[in-house]
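Engineer: Numbering (our numbering), first residue to last: 1 to 561.
1) Could you tell me how far apart the beta carbons of residue 413 and residue 224 are, in whole angstroms, since I believe they sit closer than 8 Å?
2) Taking DSSP as the reference, what is the three-state secondary structure of residue 79?
3) Determine whether the Cβ of residue 521 lies closer than 8 Å to any Cβ atom of chain D.
4) I'd like the list of long-range same chain contacts for residue 547, defined as Cβ closer than 6 Å, with 5 residues on each side in sequence excluded.
5) When the Cα atoms are used, what is the spatial distance from residue 360 to residue 504?
6) Assign residue 173 to one of two classes, buried (16 or more other C-beta atoms within 10 Å of its C-beta) or exposed (fewer than that).
7) Quick check on the DSSP output: the beta strand (DSSP E) that includes residue 439 runs from which residue to which?
8) Please work out which residues of its chain come closer than 6 Å, Cβ to Cβ, to residue 11, disregarding the five sequence neighbours upstream and downstream, and give them in chain order.
9) For residue 134, name the three-state secondary structure that DSSP assigns.
10) Taking 8 Å as the cut-off, does the stretch 274-282 touch the stretch 249-256 (at least 3 CB pairs, one atom from each stretch)?
11) With distances taken between CB atoms, is the gap from residue 442 to residue 399 smaller than 8 Å?
12) Can the beta-carbon of residue 131 be found closer than 8 Å to that of residue 177?
13) So is residue 127 buried or exposed if we call it buried at 16+ other beta carbons inside 10 Å?
14) Sorted by chain position, which residues of the same chain lie with C-beta nearer than 6 Å to residue 376's C-beta, five sequence neighbours on each side aside?
15) With H, G and I counted as helix, E and B as strand and the rest as coil, what does DSSP make of residue 286?
16) Mind checking whether residue 342 and residue 311 have CB atoms under 8 Å apart?
17) So is residue 352 buried or exposed if we call it buried at 16+ other beta carbons inside 10 Å?
18) Taking the C-alpha atoms as reference points, what is the distance between residue 383 and residue 7?
19) Based on DSSP bridge pairs, tell me the residues matched to residue 43.
20) Just tell me which of 271, 476, 356 has its CA closest to the CA of residue 434.
21) Anyone know if the C-beta pair for residue 121 and residue 141 falls short of 8 Å?
22) Once you ignore the five residues that flank residue 461 on each side, which residues in its own chain have a CB closer than 7 Å to its CB?
23) Report the residue from 409, 392, 411, 410 whose alpha carbon sits nearest the alpha carbon of residue 403.
24) Can you tell me whether residue 17 is buried or exposed? The criterion is at least 16 other CB atoms within 10 Å of its CB, across all chains shown.
25) Helix, strand or coil: which one does DSSP assign to residue 27?
26) Tell me the DSSP secondary structure of residue 445 in three-state form.
27) With a cut-off of 8 Å, do at least 3 Cβ pairs link the stretch 200-207 to the stretch 23-34?
28) Take residue 182 and list the residues in its own chain whose beta-carbon comes closer than 6 Å to its own, dropping the five residues that flank it on each side.
29) Checking 8 Å against the spacing of the C-beta atoms, do residue 114 and residue 29 come in under that value?
30) For residue 110 and residue 101, I'd like the C-alpha separation in whole angstroms.
31) Any idea which residues DSSP pairs residue 180 with across the strands?
32) So what does DSSP say about residue 320, is it helix, strand or coil?
33) Name the DSSP beta bridge partners of residue 123, please?
34) Exposed or buried, which one is residue 84 when buried takes at least 16 other CB atoms within 10 Å?
35) Rounded C-beta distance between residue 159 and residue 45? I'm assuming under 8 Å.
36) Where does residue 411 sit, in a helix, a strand or coil, going by DSSP?
So, in structure tokens, the structure goes:
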């Protein structure tokens, strides 16, 4: 076995090492402004903005932040769905030397208050409908200024007039904020601020982003990602998508920017390749299909639930999806039949990748135009090393043996914000410990068996939910499923499957049990099945396994009482 057996599979177009520019992340926007000033950078619900407009607006935002007293390294929270303001504010904050804190617009007051305090946010930009929620947490935080924007601010006529009426009907209230004191309006900033680029020296090792992890165990942690981390991962991504042409691609931006995967593969990659971002503020199947049909995106990074939803749509054949050339799927396992059906419908390529917030995020992926193995998360990316460690060991395990996936590379985080002990525990001899269980085959392809935390120990046997889910996904009636371990007085844990059936299909417990027993060892077979119309998910479409486990525990406690 060679030191990096995966390199033999790299096509000639993909180098083993990419060059990482010695420049801050906003350099990509400066270059796009110089190279393709009149190209469309953002398409948003009919409104289009060129690279010149985005660049100029970002300079205005940067200057305004500096006028408010922002100092280099200060944190700026962006609490927006995908929209032009999110693009402008992201790059504007970086031009000003600030650190972006991406904030989920769905956060409750408690979650928002925790993140703002933990990150020490000084300025927050939020949507108008979120203003009441933001104001309720101000007293508990260090926030000094609130910048407010609205979806209508970047809608074309007459949508900009109709939208506020629809919004009031939907939310039951309208928000009117005046541009004075510590409250600021995005529209006023764009009218009044200087567009002269500020002279702020930003180094590649400076922090660009505090990205909070999902917090499945304990409180969410702020992952410190530098300009170099994010640039490195974007360069790797660009190399992997080597058939992409500068200034000619358009990327469907459904993945939210407040998720690191959407940020790297849409918000940053699009600018790096001078492409167009086609932004949707939320994932809606009908809107997504119409947008693909009309706007003809060439690249569509997404999550399996998005692809599952699209291929299961009853009117899928009405829409032309043939513009899509490449899709990189992340955040959860990609079922084989979903991959095959999507490729059949689009004529493009859909491959599975792997990564974490702590790795900016991608470390592995299957080749888009080359060798790929179903069920594998693919090969380590350029500049990236990976191995499998046994618990407590720093010696790589031989091919085929299951252990913890570890990685090294320039995309690996600086550490956790204000958590030196947790940072230290996450590294061993320079390797980042992912917390995921998997193995590498002799050719250097990696396989994720499961999260260490998600592994089920039933009657002394290790059960990996992903393996059971892969089998269930092959059943013709199942659209979505998730397998969890629930407390069991006899076996310690027992296997339970939550299932969403395809429209028009029927399946029973007995039928699924018989099917599972034909395809799985007895100890892996789910003991119970629960049929649901939908599964709880994150904004990026990742199924919330932990939420289902907590629900199950609560049920058992109620029954015990």
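Where a beta carbon is used, it is the ideal one built from N, C-alpha and C, also for glycine.
Structural biologist: The short version:
1) Confirmed, Cβ separation roughly 6 Å.
2) strand
3) In the structure shown, chain D cannot be found, because there is only a single protein chain.
4) 536
5) In this model, residue 360 and residue 504 are separated by some 40 Å (Cα to Cα).
6) exposed
7) 431-440
8) 370
9) Residue 134 falls in the helix class under three-state DSSP.
10) Counting Cβ pairs under 8 Å, three or more are found: they touch.
11) yes
12) yes
13) Residue 127 comes out buried.
14) 445, 447
15) helix
16) yes
17) buried
18) 11 Å
19) Beta-bridge analysis with DSSP links residue 43 to 48, 278.
20) 356
21) yes
22) 523
23) 392
24) exposed
25) helix
26) The answer is coil: DSSP assigns residue 445 none of H, G, I, E or B.
27) yes
28) 145
29) no
30) 17 Å
31) 183
32) coil
33) DSSP, once it has assigned bridges, lists 76, 145 as partnering residue 123.
34) buried
35) 7 Å
36) Coil, per DSSP.
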